[in-house]
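Structure first, commentary second.
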Amino acid sequence: MAKEFKITSLRLEELEKELNYLKTTKEREIAAMIAEARSYGDLSENSEYDAAKNEQAKLYGRIAEIEDILAHAVIIEDENVLSGRVGLGCKVVVKDLATGAETEYRITGSQEANPMEYKLSDDSPFGRAIVGKAAGEKFMVNAPSGSYEMQVVSISREN
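Under numbering that gives the first Met the number 0, residues 0 to 158 are what the sequence shown spells out, in order.
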């Protein structure tokens, strides 16, 4: 059975736009690079040609990856929204009970996760601990670096 990719409708739109760009504009740019490199003559010692072919291989790899994600995408409709609980697509403000520091995160599917942008997967230790919690509720995160206690300050829904 193929893996399902949980993504938001916003991420679905981004992937469709990226796929369209890659299949049109980017593909034409790389084809032009290959044609120019061919014009330099002997292909066996032509580094520009090799570089252009490598770019083409990366392009086709990314296109295949996006098509696979889109073919197996499951658009997440958060059942926790009406109940006021944390779920996929929610923005949450949490408080570290040890330090008192507050941080805002967005809970996403694994395809959208980017910790540097405070987007955490529901499959991460933090995501598993917080999904289903309500504002004011405390929870324990069991991370590889150790356990820590947090509290949900607020929950909002991005549209």
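C-beta: ideal position from N, C-alpha, C; glycine also.
Looking at the DSSP output, V92 shares a beta bridge with E103 and S153. Between E101 and Y117, the CB-CB gap reaches or exceeds 9 angstroms. I74 is classed as exposed because its beta carbon has fewer than 16 other beta carbons within 10 Å across all chains shown. If only uninterrupted alpha helix (DSSP H) runs of at least 4 residues are considered, those enclosed by the segment 7-95 are 8-20, 26-37 and 46-70. Under DSSP, F4 forms a beta bridge with A72. Straight-line measurement puts the Cα of S123 at about 22 angstroms from the Cα of T98. Under the 10 Å beta carbon count, A133 is surrounded by fewer than 16 other beta carbons and is classified as exposed. Leaving aside the five residues that flank S155 on each side, the residues in its chain whose CB is nearer than 6 angstroms to its CB run, in chain order, K90. Here DSSP, grouped into helix, strand and coil, assigns E136 to coil.
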